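Chains as they are written, first to last, in my numbering: chain A, 1 to 354; chain B, 355 to 708. These notes are about the structure you will find just below.
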């Protein structure tokens with residue numbers, strides 16, 4: 001079986017690179033945009049439709065799946081791929097971000113973090129090992145280690161303290177992963193908030209471990225765009241060039257462009273499907289436009305003339321606006337298909353240009 | 355171009371018959387179940403998916419479309435087929451049923467009916483001619499005339515009075531239709547409530563007009579099933595055998611079976627998609643079962659073992675239950691696909707047996 005990550009080409013005018021990452025469910029060509037299927041489903045878009053719009057890999061969330069329906073249930077169903085009928089690669093987030101962003105009540109102790117479920121208030125514990133166990137049961141291709149996602153605006157001291165715990169947890173995770181007989185990949189996850197020295201320290205600490213790739217977490221957490229770009233542009237090139245680099249949670253076209261130029265390879269974001277559910281679509285020039293506007297009432301054009309997506313090949317702005325106004329379920333599906341395709345095609349085009 | 359309706363075969367042990375009805379968008383083989391796309395969309399199911407599950411013809415609603423987005427807008431978009439990207443036949447209801455079921459405020463006068471929109475309370479008028487105009491602008495293949503749908507429980511006197519108006523309106527509609535240069539079909543619509551003598555009178559009055567087919571309205575309006583079956587079984591055979599016969603608003607498997615045995619050819623119902631949005635599916639023996647039940651939590655079977663629908667070929671009850679619990683949009687889509695396919699396959703099988 002093929003393994004590992006190959007750089008196929010490097011840009012001459014930026015840090016951008018083309019690569020190919022092998023996973024247990026085949027390879028992905030990077031840079032790649034990963035649609036998000038938080039609860040074992042990309043909202044409003046079926047697996048066949050995802051394949052049709054060029055998705056190579058999707059992301060799902062350990063936090064959500066561990067709480068509902070439970071990783072044991074998914075394992076009994078033959079793993080996440082069989083459960084959701086998606087035979088291509090899947091990356092699972094560790095749940096760290098959700099524990100620290102969805103939960104107001106949580107307590108970090110020496111072994112991990114105790115939190116209350118956002119569904120029913122029941123108590124749960126995540127540890128560096130049990131989030132790996134969850135992801136092994138899910139059978140994802142790329143696993144992420146438990147981390148603390150420090151909120152934007154935290155002090156240097158707080159960020160440093162959180163990061164130290166994250167580093168301990170990740171060291172535990174990588175040891176545990178190596179002790180297991182699994183071909184699932186495990187990425188390291190760099191934290192350090194908005195502080196360049198902490199980011200540098202995080203890179204230094206984590207690159208000592210034999211992770212399959214490295215992710216930059218703690219961006220797209222509410223910071224000004226200039227800060228996000230600074231972190232991406234300074235931290236990405238510090239990561240080992242021979243490993244895939246994943247910037248977590250970004251999906252705005254301009255951010256994807258910055259990240260790819262900085263040498264990043266993988267991206268995920270709920271934005272395209274969330275915008276779609278609110279009637280918003282990407283149009284030329286990366287505008288986000290509300291199709292609810294009265295000016296589209298009689299508009300016979302597709303969302304974006306020239307777009308090759310399923311929706312644009314079939315439906316007018318006038319029809320899609322009608323579906324939104326009429327609160328038809330198909331509106332979310334058709335707009336999501338366009339928005340996801342828009343980002344996948346953007347990243348594909350940027351990859352081709354390298 | 356082919357025209358008209360041909361009986362291909364008649365059952366020996368019942369009034370059931372196989373037929374083929376030609377419309378401007380091709381033929382439909384009858385008996386046929388028509389999925390409902392009230393607002394120019396079958397809820398949660400895209401046109402390609404409808405074709406994939408064997409839908410030959412869909413129904414849409416003049417009332418809803420006239421109010422939103424407006425029949426003029428749809429005409430400007432090239433008609434309903436182009437607007438919603440459905441190139442097969444479409445039957446449009448006249449709106450009579452909606453005016454009399456959704457509206458508490460309405461007034462019948464000599465020219466038609468004035469009612470308030472359920473969307474914004476604005477005043478509108480439907481007349482026998484203008485509902486034809488709406489449907490001509492929509493460009494549906496089969497049009498229905500304006501009628502009064504008398505509520506279940508109405509007196510003989512009230513039902514008779516309503517029916518007399520309906521007959522006048524239908525006579526006006528058929529004259530107007532004949533004066534137009536359109537290849538759209540127009541069906542007559544029999545009323546008469548639960549009263550055998552009124553039903554007989556309605557058939558006698560309406561069959562004097564050169565309608566393309568005949569519908570039985572005013573069933574599935576809250577009456578006991580025995581009454582529904584009696585009306586279907588007594589009225590259907592009274593309709594001209596050489597014209598298609600359409601029982602409006604029925605979709606329960608047992609009702610479809612009764613209607614087909616009585617010699618009816620066409621049926622529509624929102625039931626399969628509405629049940630789906632509430633997590634309910636058809637299973638063997640025509641049971642309606644809630645997939646939310648805990649007993650399906652680990653169930654690896656498809657909704658109905660042996661079912662050939664898109665959903666059953668891919669997904670387990672456990673996964674679908676998870677989607678329902680997680681309030682994922684795809685749940686409605688996948689359950690709708692199964693339920694619509696269930697009814698289409700049932701009617702297809704009954705047709706094959708004739």
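All residues carry an ideal CB built from backbone N, CA and C; glycine is no exception. On a predicted model such as this, the values are computed, not experimentally measured, just so you know.
Contacts that residue 679 of chain B makes with chain A (C-beta to C-beta distance below 8 Å):
68 and 69, listed in chain order.
Assumed close pair residue 26 of chain A, residue 66 of chain A - CB separation to whole angstroms, cut-off 8 Å:
With a Cβ gap of about 26 Å, residue 26 of chain A and residue 66 of chain A do not count as contacting.
Answer yes or no: does any C-beta atom of chain B fall closer than 8 Å to that of residue 233 of chain A?
The beta carbon of residue 233 of chain A sits no closer than 8 Å to any beta carbon of chain B.
Find the nearest neighbour of residue 565 of chain B within the set B:575, B:593 and B:632, judged by alpha-carbon distance.
Checking every option, the nearest Cα to that of residue 565 of chain B belongs to B:593.
List, from N- to C-terminal side, the beta strand (DSSP E) runs of 3 residues or more that fit wholly inside the segment 16-70 of chain A.
Here the runs fully enclosed are 17-23, 26-30, 32-35 and 58-61.
Contacting positions in the segment 372-395 of chain B - beta carbon closer than 8 Å to chain A:
Residues of the segment 372-395 of chain B whose Cβ lies closer than 8 Å to any Cβ of chain A, in chain order: 393, 394 and 395.
Quick one: give me the first and last residue of the alpha helix (DSSP H) that residue 175 of chain A is part of.
Following the DSSP letters along the chain, one finds residue 175 of chain A inside the alpha helix (DSSP H) bounded by residues 156-179.
Which ranges does the alpha helix (DSSP H) cover as unbroken runs of at least 4 residues, wholly within the segment 184-239 of chain A, from first to last along the chain?
Along the length of the segment 184-239 of chain A, whole alpha helix (DSSP H) runs at least 4 residues long occupy 196-206 and 225-235, reported in chain order.
Are there any heavy atoms of the ligand FMN lying less than 7 Å away from the beta-carbon of residue 375 of chain B, as far as the coordinates show?
Of the ligands one can find in the structure shown there are none, so the ligand FMN has no counterpart to examine.
Identify the contact partners of residue 44 of chain A in chain B, using a Cβ-Cβ distance below 7 Å as the criterion.
Per Cβ cutoff of 7 Å: 683 and 684.
Beta-carbon of residue 296 of chain A versus every beta-carbon of chain B: anything under 8 Å?
No, residue 296 of chain A lies away from the interface with chain B (no Cβ there is under 8 Å from its Cβ).
Can you name, in chain order, every residue of its own chain whose Cβ lies under 7 Å from the Cβ of residue 34 of chain A, other than the five neighbours on each side?
Non-local beta-carbon contacts of residue 34 of chain A in its own chain, meaning distances under 7 Å to residues more than five positions away in sequence, involve 57, 58, 59, 91, 266, 267 and 268 in chain order.
CB contact below 8 Å: residue 668 of chain B versus chain A
At least one chain A Cβ lies under 8 Å of residue 668 of chain B.
Counting only Cβ pairs nearer than 9 Å, list the residues of chain A close to residue 427 of chain B.
Result: 297, 298, 318 and 322.
Return the CA-CA distance between residue 402 of chain B and residue 429 of chain B, expressed in angstroms with no decimal places.
Roughly 22 Å between the two C-alpha positions.
Residues bridged to residue 92 of chain A [DSSP beta-bridge criterion]
In DSSP, residue 92 of chain A forms a bridge with A:60 and A:143.
May I ask which residues mark the beginning and end of the alpha helix (DSSP H) holding residue 84 of chain A?
Run containing residue 84 of chain A: 80-84, per the alpha helix (DSSP H) assignment.
Beta-carbon neighbours of residue 439 of chain B, restricted to chain A and to distances below 7 Å:
Residues of chain A passing the Cβ test: 314 and 315.
Just how far apart, CA to CA, sit residue 306 of chain A and residue 144 of chain A?
Roughly 38 Å between the two C-alpha positions.
Can at least three beta-carbon pairs, one atom from the segment 18-32 of chain A and one from the segment 311-326 of chain A, be found at a separation below 8 Å?
Flag = no, the segment 18-32 of chain A and the segment 311-326 of chain A do not touch.
May I ask you to report which of helix, strand or coil DSSP gives residue 615 of chain B?
Here residue 615 of chain B carries a helix assignment [DSSP, helix/strand/coil].
Give me, in chain order, the residues of the same chain whose beta-carbon lies closer than 6 Å to that of residue 467 of chain B; leave out the 5 immediate sequence neighbours on both sides.
Beyond the five residues adjoining it in sequence on each side, residue 467 of chain B comes within less than 6 Å, by CB distance, of 453, 460 and 480 in the same chain, given in chain order.
Test: residue 276 of chain A CB closer than 8 Å to a CB of chain B:
Cβ-Cβ to chain B under 8 Å: no for residue 276 of chain A.
So what's residue 681 of chain B in DSSP terms, helix, strand or just coil?
Secondary structure at residue 681 of chain B: coil, using DSSP grouped into helix, strand and coil.
Would a C-beta distance cut-off of 8 Å place residue 543 of chain B and residue 501 of chain B closer than the cut-off?
Yes. Within cutoff.
By Cβ distance below 7 Å, which residues in the same chain neighbour residue 237 of chain A in space, the five residues on each side in sequence not counted?
Within the same chain, residue 237 of chain A has close Cβ partners 15, 262 and 263.
I'd like the span of the alpha helix (DSSP H) that includes residue 150 of chain A, first residue to last.
That residue, residue 150 of chain A, is in no alpha helix (DSSP H); it is neither H nor E in DSSP.
Does residue 204 of chain A pass the burial test, meaning 16 or more other C-beta atoms within 10 Å, or should it be called exposed?
Under this definition residue 204 of chain A is an exposed residue.
Give a yes or no on whether the C-beta atoms belonging to residue 415 of chain B and residue 392 of chain B are separated by under 8 Å.
The Cβ atoms of residue 415 of chain B and residue 392 of chain B lie closer than 8 Å to each other.
Going by DSSP in three states, residue 117 of chain A sits in which element: helix, strand or coil?
Coil, per DSSP.
Going by DSSP, name the residue or residues bridged to residue 695 of chain B.
Partner(s): none; residue 695 of chain B has no beta bridge.
For residue 225 of chain A, is the classification buried or exposed, using 16 other Cβ atoms within 10 angstroms of its Cβ as the cut-off for buried?
Result: exposed.
Any contact of the segment 600-615 of chain B with the segment 565-576 of chain B, i.e. 3+ C-beta pairs under 8 Å?
Judged by Cβ distances under 8 Å, the segment 600-615 of chain B makes contact with the segment 565-576 of chain B, as three or more pairs qualify.
List in chain order: all unbroken beta strand (DSSP E) runs of 3+ residues lying wholly within the segment 591-666 of chain B.
Complete beta strand (DSSP E) runs here, min 3: 599-601, 620-623, 634-637 and 641-644.
Using a 10 Å radius around the Cβ and a threshold of 16 neighbouring Cβ atoms, would you call residue 273 of chain A buried or exposed?
Counting Cβ neighbours within 10 Å, residue 273 of chain A comes out buried, since at least 16 surround it.
Short-range partners of chain A found in the segment 400-417 of chain B, where Cβ spacing is below 7 Å:
From the segment 400-417 of chain B, only 400 have a Cβ closer than 7 Å to chain A.
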